[in-house]
Every structure is written in C-alpha cells, then in structure tokens.
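Undergrad: Heads up: the sequence shown runs through residues 436 to 843, numbered per our numbering.
Attaching a single structure in structure tokens format; questions to follow.
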Amino acid sequence: MQHRLTRRGFLTSALASSIPVPTALASPATISRLPDPTGHLITRWAQDPFARGSYSFLAKGARPEDRDALATPIDDTLFFAGEACSRDHPSTVHGAMMSGQNAARAILASGAQQIAIIGAGIAGLAAAKRLADAGRSVTVTEARARIGGRLFSDQSHDVPLDLGASWIHGVRGNPLTRIADRLGLSRRITDWESFEVFDLQGQDLDKDQIPDWFETRWDYDLEYGASPAELDRRAQDEGEEYSGPHVIFPSGYDQILPAFAGAYDLLLSNPVTEVSHRPGAVRITAPTPITAEACLITLPLGVLKQATPAFDPPLPKAKRAAITTLGMGLLDKTYLIFPKTFWPAQTHFLGVAGPRPSPFAHWVNFAPHIGAPVLCAFNGAEAARQLDDLPDAQLVDMALRKLAEMTR
436 MQHRLTRRGF LTSALASSIP VPTALASPAT ISRLPDPTGH LITRWAQDPF
486 ARGSYSFLAK GARPEDRDAL ATPIDDTLFF AGEACSRDHP STVHGAMMSG
536 QNAARAILAS GAQQIAIIGA GIAGLAAAKR LADAGRSVTV TEARARIGGR
586 LFSDQSHDVP LDLGASWIHG VRGNPLTRIA DRLGLSRRIT DWESFEVFDL
636 QGQDLDKDQI PDWFETRWDY DLEYGASPAE LDRRAQDEGE EYSGPHVIFP
686 SGYDQILPAF AGAYDLLLSN PVTEVSHRPG AVRITAPTPI TAEACLITLP
736 LGVLKQATPA FDPPLPKAKR AAITTLGMGL LDKTYLIFPK TFWPAQTHFL
786 GVAGPRPSPF AHWVNFAPHI GAPVLCAFNG AEAARQLDDL PDAQLVDMAL
836 RKLAEMTR
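Here is the structure:
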C-alpha cells in the first residue's frame with residue numbers, strides 16, 4: 436500500500452532503539468534471485484576530512500542563536516558563512532548559498548578590497564561571485580581537487596549520482612529555482628505520496644502495520660542526520676521552508692555550479708592549516724599562501740569542530756562555544772546500479788521493516804528520475820556511524836540481503 440509522507444516524514448514521536456548491524460554475509464541463496472549490481476557508490480561523509488559529516492543540526496543544549504554566533508564577523512576582518520550559519524534555512528543548499536551572499540554584502544560594507552575565501556562549496560562560490568562582480572579582488576582556496584563541497588555529482592557509472600545534496604527543497608520562491616530556470620536545467624518532481632513499505636517476507640504493509648522505529652528513523656535520522664535523543668526540542672521548529680514540490684536534477688545537481696563562475700582566482704588542492712588575523716589583515720598558511728584584507732570562512736561545521744585550521748588569535752569564546760554546541764549530522768548513501776528493475780519501478784520511495792531496527796531499511800528509487808535502474812539506500816545517525824568502518828563488499832551484501840527480503 437502506498438503511504439503519504441511529508442518532508443518531515445510520518446511525524447511519529449516514538450524513540451528508536453539501538454540498531455544491530457549484522458556482520459555475517461548473506462548466503463548466496465538469499466540474494467541469488469536478484470540480478471547482480473553492475474556498480475555501486477557508497478558515501479562516508481564522517482570520514483571525509485573536508486566535511487566530517489553531512490549537515491548541521493540543533494543539538495541538545497544548542498540554541499538557534501548559536502547559528503548567529505557562528506556567523507558573526509570578527510573585527511570586520513574574519514567573516515563566516517555556510518549552511519550551519521543560516522538560521523532561516525539551515526542544512527540546505529539554498530541556506531548555504533544565501534549565507535554566502537549575506538556575508539559578501541557584509542564584506543562589501545566593510546570596505547575591504549582584497550578578500551580571501553576558504554572553501555569552494557556553494558557558500559564560498561556564491562560569495563566569490565558577488566564580491567568579484569562588485570569589483571573586489573577575490574581568491575578562493577579549496578582543499579579538494581574540485582569545487583562544490585558537499586554538492587558532488589558522480590559520473591563514474593555513466594549515470595549522474597549525487598553523493599551529497601540531491602533535492603531543491605521547495606521550489607516556490609527558492610533562489611535555486613531561479614538559477615535552474617536561467618540555466619535551463621531539467622528537474623523531476625519527487626512524489627512524497629509515492630511510498631511502499633514491505634515486511635521481511637515481501638508483504639506490503641498498511642500504515643498501521645509499520646513499526647515505530649521505521650517511522651522514527653525517517654522522521655529524525657534521515658531528516659537531521661541525528662537521533663531524537665541528540666536533538667534539541669526546538670530543532671523541528673527551526674528554519675523556514677519554501678512551498679511547492681521538491682525536485683531532483685536528473686543530470687546531476689552540479690549543473691548549477693556554472694551559475695557561480697566569476698572573475699576570481701581559484702586555488703584547488705590547497706588546504707589551509709592556519710589563519711592569522713589582525714584588524715584589516717589576514718595571512719593564510721597553505722601550500723600556496725594568501726594574504727588579504729578580509730577572509731570569509733565557509734568550512735563545514737564538522738571541520739571547524741576538528742579545530743582546523745588553527746586561528747591566531749583563537750576564535751572568540753562565543754564562536755567556539757557555538758561550534759562545540761551545534762551538532763553535525765550524518766547521512767550516508769549506498770547506490771546500487773542494476774541491469775534492470777526488479778522493484779516497483781514507478782514508486783519513488785521503498786522501505787523494508789521488520790520488528791527490530793535494521794540498516795538499509797529506507798530506499799529512494801531513482802529510476803523514475805534518471806531513467807536508469809538505480810536504487811539508493813539512506814542510512815543516518817547511529818546506523819550510519821555503525822556502518823562507517825565496514826568494507827564496501829559487506830555493505831553491498833547487506834543492502835542486497837535487505838532488497839531480497841523486500842522483493843520475495
């Protein structure tokens with residue numbers, strides 16, 4: 436039976452119990468009915484040294500004001516931006532973009548002419564374009580060998596698969612919609628009412644048969660990258676949402692990146708180890724060092740939590756407290772590419788739910804969006820952390836075992 440969801444999920448208040456992770460590989464008979472996948476992709480955002488997680492959340496003891504503290508400039512010299520700095524639209528691509536643009540306006544007001552930007556994610560690129568368009572001299576330094584940050588569309592399997600951000604969440608009034616329209620990018624609407632959940636014998640479950648843990652993980656673990664126990668009571672009321680459908684780019688989210696091209700310098704594979712700052716002067720230590728009058732920091736919260744780069748002098752107490760108190764959530768994806776579909780091909784979301792919590796329970800069917808037989812499992816919060824150190828072969832085996840249960 437198909438079930439209706441909102442972006443916040445089934446809206447249940449039950450708490451999830453601990454999630455057992457099986458270590459034995461499935462027997463060949465268990466999954467022999469399935470076609471062998473032709474490829475797979477697995478994200479491990481917690482291990483990524485340039486992310487250390489997926490997106491921020493309001494953790495226990497944190498306040499929305501902590502996002503303001505994180506975004507507050509220092510001496511009109513050090514500025515901060517990113518989704519974790521966005522009180523109105525945290526944990527979103529559009530929130531990161533608008534945060535970068537807001538920081539750019541503040542930098543312009545400061546009068547600085549030479550600006551360094553640390554991080555070539557959406558926040559950094561949006562700020563760089565705004566500043567360069569205003570005639571400022573801008574240098575963007577990026578630790579990775581690519582731009583985009585947590586927005587990354589992989590093309591290694593001949594189909595574009597987004598390893599980070601996937602959706603424009605709410606298209607009406609969303610600035611990303613205007614960018615996509617201007618670039619003429621194709622989009623596909625996600626139908627949140629198209630959801631089927633199966634038991635371990637492959638039987639379709641009615642709404643009242645779905646166990647609480649399955650709904651809780653959808654509502655919390657996959658929405659925030661955190662469990663209910665980790666969230667502050669205000670987390671669910673945080674931020675504002677745009678109305679309208681949520682859409683996927685069938686040819687990859689990174690198609691929006693050309694919109695942020697501009698007359699600025701870009702240094703790739705140039706990780707920053709230290710930022711020395713005095714009013715009106717910044718010195719950045721990196722393989723290619725940079726000096727500037729002002730600097731915009733757009734590093735993910737998870738990286739700032741690692742105390743990298745070092746700051747001289749150290750960041751103010753309120754900013755350090757915000758970095759410590761805000762949470763960095765984790766949501767990982769396991770993509771499986773098959774030679775053909777063997778699941779309900781037009782259903783957008785699939786689930787498999789036994790009596791006890793298990794990983795690989797929540798799936799997104801990308802076949803209606805990209806025209807290829809691709810499934811993606813979402814594992815968040817504690818489930819993602821428990822899976823993080825397992826080898827790819829074991830994760831693929833676990834995923835196939837769950838699919839075999841769902842499609843008996």
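Every residue, glycine too, gets a C-beta built ideally from N, C-alpha and C.
A quick note: this is a predicted structure, and the numbers were derived from the prediction, not measured.
Assuming R836 is part of the alpha helix (DSSP H), what are its boundary residues?
TA: Your numbering for residue 836 matches position 401 in the sequence shown. Taken as a continuous stretch (DSSP letters only), the alpha helix (DSSP H) holding R836 covers 827 to 841.
Undergrad: Just list the residues that DSSP pairs C730 with in beta bridges.
TA: Indexing the sequence shown from 1 puts residue 730 at position 295. L513, A551, per the DSSP bridge assignment.
Undergrad: Can you name the start and end residues of the beta strand (DSSP E) that A745 belongs to?
TA: For the purposes of this step, residue 745 is identified with residue 310 of the sequence shown, where counting begins at 1. Its beta strand (DSSP E) spans residues 745 to 747.
Undergrad: In angstroms with no decimal places, state the Cα-to-Cα distance between A506 and W480.
TA: Counting from one through the sequence shown, the residue named residue 506 turns up at place 71. Counting from one through the sequence shown, the residue named residue 480 turns up at place 45. Straight-line Cα distance between these residues: approximately 23 Å.
Undergrad: What are the uninterrupted segments assigned as alpha helix (DSSP H) that are 4 or more residues long and contained completely in the segment 617 to 677, given in chain order?
TA: Entirely contained in the segment 617 to 677, the alpha helix (DSSP H) runs reaching 4 residues are, in chain order, 647 to 651.
Undergrad: Counting C-beta neighbours from all protein chains within 10 Å, is the total for T612 16 or more, i.e. buried, or is it exposed?
TA: Residue mapping note: residue 612 aligns to position 177 of the sequence shown, counting from 1. Flag for T612 reads buried.
Undergrad: Skipping 5 residues on each side, what residues in its chain have a beta carbon closer than 7 Å to that of G697?
TA: As a position in the sequence shown, residue 697 is number 262, starting the count at 1. Cβ within range, chain order: A563, K564, A567, D568.
Undergrad: Taking a contact to mean a Cβ-Cβ separation below 8 Å, would you say H797 touches R623 in this structure?
TA: On the sequence shown, residue 797 is found 362 positions in, with the first residue counted as 1. On the sequence shown, residue 623 is found 188 positions in, with the first residue counted as 1. Going by C-beta atoms, H797 is not nearer than 8 Å to R623.
Undergrad: Strictly by DSSP, which residues pair up with E577?
TA: Locating residue 577 in the sequence shown gives position 142, where the first residue counts as 1. DSSP output for E577 lists no bridge partner at all.
Undergrad: Do the segment 640 to 657 and the segment 779 to 792 meet, that is, are 3 or more Cβ pairs less than 8 Å apart?
TA: Counting Cβ pairs under 8 Å, three or more are found: they touch.
Undergrad: Distance, Cα to Cα, H681 vs G605?
TA: Counting from one through the sequence shown, the residue named residue 681 turns up at place 246. Counting from one through the sequence shown, the residue named residue 605 turns up at place 170. One C-alpha to the other measures close to 5 Å.
Undergrad: Span of the beta strand (DSSP E) holding R718?
TA: Here residue 718 is taken as the residue at index 283 of the sequence shown, counted from 1. Counting along the chain, the beta strand (DSSP E) containing R718 begins and ends at 716 to 720.
Undergrad: Can you have a look at T576 and say buried or exposed, based on whether 16 or more other CB atoms are within 10 angstroms of its CB?
TA: For the purposes of this step, residue 576 is identified with residue 141 of the sequence shown, where counting begins at 1. That one is buried.
Undergrad: Going along the chain, which residues of its own chain have a beta-carbon closer than 6 Å to the beta-carbon of A580, five neighbours each way excluded?
TA: Here residue 580 refers to the residue found at position 145 of the sequence shown. Cβ within range, chain order: L703, S704.
Undergrad: Below 8 Å, how does it come out for the segment 726 to 737 and the segment 547 to 554: are there three or more Cβ pairs, yes or no?
TA: Contact between the segment 726 to 737 and the segment 547 to 554 is present, because at least three Cβ pairs lie under 8 Å.
Undergrad: For A780, does the count of other Cβ atoms within 10 angstroms reach 16, so buried, or fall short, so exposed?
TA: For the purposes of this step, residue 780 is taken as the residue at position 345 of the sequence shown. A780 comes out exposed.
Undergrad: Measuring CB to CB, does L766 end up less than 8 Å from G815?
TA: Position 331 of the sequence shown, counted from the start, is the residue given in the question as residue 766. Position 380 of the sequence shown, counted from the start, is the residue given in the question as residue 815. The answer is yes: Cβ separation under 8 Å.
Undergrad: Within 10 Å of its beta-carbon, does D654 have 16 or more other beta-carbons around it, so buried, or fewer, so exposed?
TA: Within the sequence shown, residue 654 is the residue found at index 219, counting from 1. So D654 ends up on the buried side.
Undergrad: Which residues in the same chain have their Cβ closer than 8 Å to the Cβ of D827, if we skip the five residues on either side of it in sequence?
TA: As a first step, residue 827 must be located in the sequence shown, where it is residue number 392. Cβ within range, chain order: H475, I477.
Undergrad: Use the C-beta contact count for A531: other C-beta atoms within 10 angstroms, 16 or more gives buried, fewer gives exposed.
TA: In the sequence shown, the residue the question calls residue 531 occupies position 96. So A531 ends up on the buried side.
Undergrad: Could you check if A664 is buried or exposed, using at least 16 other CB atoms within 10 Å of its CB as the buried criterion?
TA: To locate residue 664, count along the sequence shown from 1; it is residue 229. The residue is exposed, with fewer than 16 neighbouring Cβ atoms inside 10 Å.
Undergrad: Which residues mark the beginning and the end of the alpha helix (DSSP H) in which N537 is found?
TA: Translated into positions along the sequence shown, residue 537 becomes position 102. First-last of the alpha helix (DSSP H) with N537: 528 to 545.
Undergrad: By the 10 Å Cβ neighbour count, where 16 or more other Cβ atoms means buried, how is P457 classified, buried or exposed?
TA: Indexing the sequence shown from 1 puts residue 457 at position 22. Because P457 carries a pLDDT of 39, less than 50, the predicted location of this residue cannot be relied on, and no value is offered for it.
Undergrad: Check each candidate in D832, F801, A516 and name the one with the smallest Cα separation from D626.
TA: Here residue 626 is taken as the residue at index 191 of the sequence shown, counted from 1. Checking every option, the nearest Cα to that of D626 belongs to F801.
Undergrad: Using a Cβ-Cβ cut-off of 6 Å (strictly less than) and excluding sequence neighbours within five positions of E676, which residues of its own chain qualify?
TA: The residue labelled residue 676 in the question sits at position 241 within the sequence shown. The answer, listed in chain order, is G605.
Undergrad: T743: which of P685, Q636, S711, E840 sits nearest, CA to CA?
TA: For this step, residue 743 is matched to residue 308 along the sequence shown. When only C-alpha atoms are compared, the closest one is S711.
Undergrad: Going by DSSP, which residues form a beta bridge with D597?
TA: Taking the sequence shown and counting its residues from 1, the one referred to as residue 597 is at position 162. In DSSP, D597 forms a bridge with S588.
Undergrad: Under 8 Å by Cβ, that's how I've got M841 and S491 pegged, so tell me the actual separation to the nearest angstrom.
TA: For this step, residue 841 is matched to residue 406 along the sequence shown. For this step, residue 491 is matched to residue 56 along the sequence shown. Not quite, the Cβ-Cβ distance comes to about 32 Å (not below 8 Å), so this is no contact.
Undergrad: By DSSP, does T708 sit in helix, in strand, or in coil?
TA: The residue given as residue 708 occupies position 273 in the sequence shown. Coil, per DSSP.
Undergrad: Let me check understanding here. Comparing Cα to Cα, which of G660, A558, H783, F795 lies closest to H529?
TA: Sequence index remark: in the sequence shown, residue 529 carries index 94 (1-based). Comparing Cα positions, the closest option is A558.
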